[in-house]
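*Asks:*
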Amino acid sequence: MDITLEVNGETRHLSIDPRVTLLDALRERLGITGPKKGCDRGQCGACTVHVDGRPVLACLTLAATVREPVRTVEGLAADGRPHPVQQAFAEQDALQCGFCTSGQVMSAVAAVEQEVADVREFMSGNLCRCAAYPNIVAAVEQARSTKESADARV
Amino acid sequence: MTMRTDAPLKTSGAARYGLDVTPPGTVYGYVVTSTIAHGEITAMDVAAVRAAPGVLAVYTPFDPLPLRTPMSPLLGETWVPLQDTEVTYYGQPVGFVVAETFEQARDAALLVEVTYDRRPARTSLHAGLADALDAPPSLHGEPPTLQVLADGVESIEDALAASAVRVDATYETATQNHAAMEPHSAVAVWEDGRLTLYSGTQGSDLQAAQLAQALDVEPARVRALNPFVGGAFGGKGHAGVSAFLGAAAARDLGRPVKAALTREQVFTATATRPATVQRLRIGADADGRLTALAHDSWSSTTATPSFVEPTSHGTSREWYTTPNLAITQKMVPLHVPPTTFMRAPGEAPGSFALESAMDELAVALGMDPVELRLRNSSIAPPGRDLQWSSKHLDECFTLGAQRFGWAQRHRRRVDRDWLVGYGTATAMFPALRFPCAVRITLRPDDTAEVATSGADPGTGLRTVLSLFGAEALAIPPERVEAALGDSTLPPGGMSGGSTATASVGSAIAVGAPAVIDALVAVATGPGGLFEGREVAYADGRVFAEGDSATFGEVLRAAGRDEVTAIGTSAPGEEMTKHSFSSFGAQFCEVRVHRWTREVRMSRMLGVFDAGRIVHEQAARSQIMGGMIWGVSAALHEGLEIEESGRPANGDFASYLIPVNADIPTVDVEFVRYPDTLHNPVGARGLGEISVVGVAAAIANAVYDATGIRVRRIPIVLEDLLE
Ligand code: FES
Ligand code: FES
Chain A
1 MDITLEVNGE TRHLSIDPRV TLLDALRERL GITGPKKGCD RGQCGACTVH
51 VDGRPVLACL TLAATVREPV RTVEGLAADG RPHPVQQAFA EQDALQCGFC
101 TSGQVMSAVA AVEQEVADVR EFMSGNLCRC AAYPNIVAAV EQARSTKESA
151 DARV
Chain B
1 MTMRTDAPLK TSGAARYGLD VTPPGTVYGY VVTSTIAHGE ITAMDVAAVR
51 AAPGVLAVYT PFDPLPLRTP MSPLLGETWV PLQDTEVTYY GQPVGFVVAE
101 TFEQARDAAL LVEVTYDRRP ARTSLHAGLA DALDAPPSLH GEPPTLQVLA
151 DGVESIEDAL AASAVRVDAT YETATQNHAA MEPHSAVAVW EDGRLTLYSG
201 TQGSDLQAAQ LAQALDVEPA RVRALNPFVG GAFGGKGHAG VSAFLGAAAA
251 RDLGRPVKAA LTREQVFTAT ATRPATVQRL RIGADADGRL TALAHDSWSS
301 TTATPSFVEP TSHGTSREWY TTPNLAITQK MVPLHVPPTT FMRAPGEAPG
351 SFALESAMDE LAVALGMDPV ELRLRNSSIA PPGRDLQWSS KHLDECFTLG
401 AQRFGWAQRH RRRVDRDWLV GYGTATAMFP ALRFPCAVRI TLRPDDTAEV
451 ATSGADPGTG LRTVLSLFGA EALAIPPERV EAALGDSTLP PGGMSGGSTA
501 TASVGSAIAV GAPAVIDALV AVATGPGGLF EGREVAYADG RVFAEGDSAT
551 FGEVLRAAGR DEVTAIGTSA PGEEMTKHSF SSFGAQFCEV RVHRWTREVR
601 MSRMLGVFDA GRIVHEQAAR SQIMGGMIWG VSAALHEGLE IEESGRPANG
651 DFASYLIPVN ADIPTVDVEF VRYPDTLHNP VGARGLGEIS VVGVAAAIAN
701 AVYDATGIRV RRIPIVLEDL LE
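Respectively, the protein sequence lines represent chains A and B. Mapping the first sequence onto the UniProt record's numbering, position 56 (from 1) lands on 56, and the numbers just tick up by one. Mapping the second sequence onto the UniProt record's numbering, position 296 (from 1) lands on 296, and the numbers just tick up by one.
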C-alpha cells in the first residue's frame, strides 16, 4: 500500500506491505536508523520516537496507521545545535554503548516537556543494559533546569 | 576533562551500529530455532516456505550452507549452525529463511515444519550434581581440584575440624543472559570474492578470522567492521549465527543479507552464564584468622561440555590468606543453551558464595565484617610466591566504611514499614592484558590518528585511545582521532577480561616514540626542514637550535602525507615477578518491606583500587553499570529453564533487569595508585571488578535487615516470608 509519512519535517512517500512497523519503515525503508530495535515487542524502549509530540514505541506501531508528524532523535537538533536533552546526555555521560540512547533521549525530551514529577518512574520504560540510569536521571535534571532558565528569560 | 568522544554521535542517532547499514539490494534472513531440547531432526518440510511470497532461499541441515568449525587460540572452537541434525538445546538454530523483505522472511519462517526424533533432555543442574564431571583445567592451566595444605596437615577436613569457628553453607546462582540491548546481528556483503561484514562484536579481527575459517576463504578476503557495538559483556566474543548464516547466504545468493536474532532468540541462540552451586566451608581461629577454606563448585555446561563458570578458581583460590585451601570445580552437562564468559566470569557468582560465607563467619565470630576482611587480606595468593604488585584493599575498606557510615550499622533500623540493613563484600578481578598492536599516524594538518582493530562496546575505549595518544605525543586530545572496530587495522584483540585499556596503553607507549623517531628522521633527513641538524620533539613540535616547527609543518615541508609506526605489546616478564589484581570494597544498604517482603537497594558505594583512572567520567559510568549488574544478579535476573529445556522467561517482559526506578544514586570512589609494575600506563581495567561482590553485599544487607540468610540469587519474595 502507498503511505505518506512526515518525518522530522520532511514528507516521505512509501509503498509498503501493511505489516511494516513504523520502526522498520524508518530503519529499513527511509534510512533513519537512530531508533533501534532492541526487542520488537514493546518491552525495551529502544525504538521510542514521537508521533504528534507524544512518545510511542515504533516497533508496536504499524507505519500505515501513522497520520501525525513523526520525530526521531535525528530531528531534535535545531540550527545545527543539539537539543538541550542531547547536550545533557553527552555532558552527564548518560550512555555507554549508546544502543538505548536514541530511545532514552526521546523519552527524556517528553519527560522535560511534560514536566513529569517522577523522572525515574517515567524513564522506566527504557531499558539500559549498560545501566547508565543515575546519569540518565542527572541528564534529565540538567535539561529541565536549562529549560526552566530559558522559560524564565522569555 | 573532555566528554566521551563519541557521545555527540550516540546522542544524535548518528552512530552507525551493525544493522544500521542497508546496502542496495539487501535481502533479509530470519533464523528458525528448535522447539525441543534434545533429539534428532528427522525431516523438515519447507515446501510452504519456498512458496511464500518473496522467499529466496531456505537453508536447513538437509540443505545447508557449507560452514566449517572455526578454531581460535583465544576462543577455542566456535559452533556453526545447520551442519548436522542433532539438537542439543531448546532454541537451537535449525533453519534460515531469506526473503526480499524482513516481513516476508519472518512470516515465511513460521511455515517451517520440523519433525523430531525426541530424546530425554537433561535440564536440571540439581539432578545432575550426583554424577558431575571434573571440569577441564582452568584458563591458567590449574587442575580442577587443587589443595594447599600447611606442613603436617593431612587433609582439608582435618584443618576444618581443628578450627575454632566454622561455617559450612551451600549457595546457588542462576543462569544469566548477557542481554546486551543490541541483538546479535550482521549485514554481509560480498564483492569480487571479498566479504564485508557489519556486526557488533568484541573484536573485529577475531570476528574476521572466524568468518574466514568458517567460509573457507583467505583471511585477507574478510573485513569485519564494528565501529559501534550495542553492548557485549562477554556475549559477543564468538562470531554469532547471524554472521555465519548471513555471510554464507549472501555468498550463495549474490545479494547483501541482513540478519538479526529476535530478542527471544538471543536468550537461546547466543550463550549464557552457567548456573552454579557452591559449597563453602571456612574455618577460623577465635580472632577471625582463616585456618582453612574449602570451596567446591558445580557449574552447568552444554551437552558436549564447553565453558564452565570457574567460581572457586576465580575467588577462593586467590582472595584471602589461609594456610589450608582446597578448591574443586565440577561441571554438569545439560541440554541447555551454549555457555560462555559473561562480565566477571567466575568472580561474579563465585564472590556471591565466598563473600556470603565470609559474612556468615563474621556473624559466627561476632566480628565486624569489614574487620574480618582486613584481617585476612592476602599479600600473595595462597601457596604462591608472587606478591600482589599494588594492593590497597585496606584503604578501600576504611575509606568506604567512613564514607558509607558503616559505623551506624549497629542501630536496629526500621524506617516506617521498611527494615533497613547494611552489607559489605570484597571485590577482586585479575589484572590482565592481551597482545595488542596500535598504529600511530602523524598527519600534515597537525592531527594524529591512533588506530587498532579492537572494539568499544560502551567501555570508552575510543576516548581512551585519544587520551593515551595525546599524552604520548604531548598534544591536545582534540587533535587525536581514534580509529577502531575494523579488522583491517592492526590487531587489537578482544575487548574482554577488562584488558583493553592496559593493552592499548602499553602498545601506544611503544608506538609513540617510534613515530616520533620517524618524524625526526623526516625532519633531519634529505630535504627535511632541519636537514642534518640536532633536533628534539616536544609538545607536537620539532625543535632545532633557535628554531621549531609543528609536526604538520615538518611533514608538509617534506611533502609527506604522513608518518606512521605500529606499537605492539604483550604480557611479558612482569608475570614472573608479581601477581596482579584490581581490588574493591562494596557497601550497600537495602530496605526490606516488613509486610510484602519486597527488597529495594536504597544506597550503594564501591571504592576501587584499579590502578590509574584514565577518563574519570567514563570510568565512573562503567563502574556504576557494573555495580548495577550486581544488583540485577542479586534481586532481578535469572533465566529459568523449564524441565523441557524451554526458557520460561526468555524475553524482556519476563527476564528482569533493573529499570531506572530500581536504581537510586550509586556512589563510586577510587583510590588512585597507578600500577606501573603491570604496564607502563598504570591502568588495570574496570569493566568487571565493579560487579564482583555486589550480590553478596546485598544478601548480607538483607540478612542484616531481617535475620534471614538467603543463599540463592536472585533473591525473591518467597525467600523472605517468615
Ligand atoms: S524495540 Fe520497540 S520496545 Fe523494544
Ligand atoms: S547505553 Fe548501552 S544499553 Fe544503554
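Just so you know, even glycine gets a beta-carbon here, dropped at the ideal spot from N, CA and C.
Give the straight-line distance between the Cα atoms of residue 588 of chain B and residue 27 of chain B, rounded to the nearest whole angstrom.
*Replies:* Going from the Cα of residue 588 of chain B to the Cα of residue 27 of chain B covers about 50 Å.
*Asks:* Check whether the stretch 287-299 of chain B touches the stretch 228-243 of chain B, counting contact only when three or more Cβ pairs, one atom from each stretch, lie closer than 8 Å.
*Replies:* Counting Cβ pairs under 8 Å, fewer than three are found: no touch.
*Asks:* With a 10 Å radius around its C-beta and 16 neighbouring C-beta atoms as the bar for buried, classify residue 53 of chain B as buried or exposed.
*Replies:* Looking at its Cβ environment, which holds fewer than 16 other Cβ atoms inside 10 Å, residue 53 of chain B is exposed.
*Asks:* Of all residues in the structure, which have a C-beta closer than 6 Å to any heavy atom of ligand 2, taken in chain order?
*Replies:* Result (chain order): A:95, A:96, A:97, A:98, A:99, A:100, A:101, A:128, A:129, A:130, A:132, B:181, B:231 and B:458.
*Asks:* List the residues of chain B whose Cβ lies closer than 7 Å to the Cβ of residue 132 of chain A, in chain order.
*Replies:* Correct list: 621 and 625.
*Asks:* Is any non-hydrogen atom of ligand 1 found closer than 6 Å to the C-beta of residue 293 of chain B, if you look at the structure I gave you?
*Replies:* Outside the cutoff, so no.
*Asks:* May I ask you to check if the CB of residue 37 of chain A is nearer than 6 Å to at least one heavy atom of ligand 4?
*Replies:* With respect to ligand 4, the structure shown offers nothing to examine, as its ligands consist of ligand 1 and ligand 2.
*Asks:* Which residues mark the beginning and the end of the alpha helix (DSSP H) in which residue 698 of chain B is found?
*Replies:* Where residue 698 of chain B is concerned, the enclosing alpha helix (DSSP H) stretches over 694-706.
*Asks:* Which residues, taken in chain order from the stretch 74-89 of chain A, show a beta carbon closer than 7 Å to some beta carbon of chain B?
*Replies:* Correct list: 74, 77, 82, 86 and 89.
*Asks:* Span of the alpha helix (DSSP H) holding residue 726 of chain B?
*Replies:* The structure shown does not extend to residue 726 of chain B, since chain B spans only 1 to 722, so no value can be given for it.
*Asks:* Run through chain A and tell me which residues come within less than 8 Å of residue 617 of chain B, C-beta to C-beta.
*Replies:* Those within 8 Å of residue 617 of chain B in chain A are 93.
*Asks:* If I measure Cβ to Cβ from residue 746 of chain B and keep anything under 8 Å in the same chain, skipping five residues before and after, which residues do I get?
*Replies:* Because chain B in this structure spans residues 1 to 722, residue 746 of chain B falls outside the shown range and cannot be described.
*Asks:* Residues in its own chain within less than 7 Å of residue 126 of chain A by CB, not counting five upstream and five downstream?
*Replies:* The residues are 45, 48, 100, 103, 104 and 107.
*Asks:* In chain B, what lies closer than 8 Å to residue 127 of chain A by C-beta?
*Replies:* Per Cβ cutoff of 8 Å: 181, 652, 657 and 659.
*Asks:* Enumerate in chain order the residues of its own chain whose CB-to-CB distance from residue 173 of chain B is below 6 Å, with the five nearest sequence positions on each side excluded.
*Replies:* Closer than 6 Å at the Cβ level, and outside the excluded window around residue 173 of chain B, lie 276, 349, 352 and 713.
*Asks:* Contact check, residue 310 of chain B vs residue 329 of chain B under 8 Å by CB: the rounded distance?
*Replies:* About 6 Å; that satisfies the 8 Å criterion.
*Asks:* Does residue 156 of chain B get closer than 7 Å to chain A when you measure Cβ to Cβ?
*Replies:* It does not: the Cβ of residue 156 of chain B has no partner Cβ on chain A nearer than 7 Å.
*Asks:* Return the chain-ordered ranges of every beta strand (DSSP E) run that is complete within the stretch 453-499 of chain B and spans a minimum of 3 residues.
*Replies:* With a minimum length of 3 residues, the continuous beta strand (DSSP E) runs that stay inside the stretch 453-499 of chain B are 480-483.
*Asks:* With residue 436 of chain B as the anchor, note down where its beta strand (DSSP E) starts and where it stops.
*Replies:* That run of the beta strand (DSSP E) goes 436-442.
*Asks:* By the criterion of Cβ-Cβ separation under 8 Å, what are the contact partners of residue 478 of chain B in chain A?
*Replies:* Here the premise fails: no neighbours, minimum Cβ distance about 15 Å.
*Asks:* Taking just the CA atoms, how far does residue 232 of chain B sit from residue 485 of chain B?
*Replies:* Distance between the alpha carbons of residue 485 of chain B and residue 232 of chain B: 14 Å.
*Asks:* Flag residue 124 of chain A as yes if its beta-carbon sits less than 7 Å from any beta-carbon of chain B, otherwise no.
*Replies:* Answer yes: the Cβ-Cβ gap between residue 124 of chain A and chain B drops below 7 Å somewhere.
*Asks:* Taking DSSP as the reference, what is the three-state secondary structure of residue 263 of chain B?
*Replies:* Helix.
*Asks:* Could you check whether the Cβ of residue 40 of chain A sits closer than 6 Å to any heavy atom belonging to ligand 1?
*Replies:* Yes, since a heavy atom of ligand 1 falls inside the 6 Å radius drawn around the Cβ of residue 40 of chain A.
*Asks:* Step through the CB atoms of chain A and report whether any lies within less than 7 Å of the CB of residue 15 of chain B.
*Replies:* Yes, because at least one Cβ of chain A sits closer than 7 Å to the Cβ of residue 15 of chain B.
*Asks:* Can you tell me whether residue 118 of chain B is buried or exposed? The criterion is at least 16 other CB atoms within 10 Å of its CB, across all chains shown.
*Replies:* So residue 118 of chain B ends up on the exposed side.
*Asks:* With a threshold of 6 Å, establish whether the CB of residue 45 of chain A neighbours any heavy atom of ligand 1.
*Replies:* True, at least one ligand heavy atom lies under 6 Å from that Cβ.
*Asks:* For the stretch 287-305 of chain B, which residues have a beta carbon sitting closer than 8 Å to at least one beta carbon of chain A?
*Replies:* Per Cβ criterion, the list is empty.
*Asks:* For ligand 1, I want to know if residue 57 of chain A counts as a neighbour, meaning its beta carbon is within less than 6 Å of at least one of the ligand's heavy atoms.
*Replies:* Yes - ligand 1 has a heavy atom lying nearer than 6 Å to the Cβ of residue 57 of chain A.
*Asks:* Per DSSP, which one or two residues make a beta bridge with residue 615 of chain B?
*Replies:* DSSP output for residue 615 of chain B lists no bridge partner at all.
*Asks:* Cβ closer than 9 Å: which chain B residues qualify as neighbours of residue 61 of chain A?
*Replies:* None at all; the shortest Cβ gap to chain B is about 15 Å.
*Asks:* Whose Cβ in chain A lies nearer than 7 Å to the Cβ of residue 103 of chain B?
*Replies:* Within 7 Å Cβ-Cβ: 17, 19 and 20.
*Asks:* When you compare the CB of residue 46 of chain A with every CB in chain B, is at least one pair closer than 7 Å?
*Replies:* At least one chain B Cβ lies under 7 Å of residue 46 of chain A.
*Asks:* Distance check for residue 11 of chain A and residue 29 of chain A, CA to CA, integer angstroms please.
*Replies:* Cα to Cα, the separation comes out at about 14 Å.
*Asks:* Please confirm if residue 142 of chain A has its CB atom under 7 Å from at least one CB of chain B.
*Replies:* Chain B, which has no Cβ nearer than 7 Å to the Cβ of residue 142 of chain A, makes this no.
*Asks:* Pairs of beta-carbons, one from the stretch 57-70 of chain A and one from the stretch 82-94 of chain A, closer than 8 Å: are there three or more?
*Replies:* Touching, no, given that fewer than three Cβ pairs across the two stretches are closer than 8 Å.
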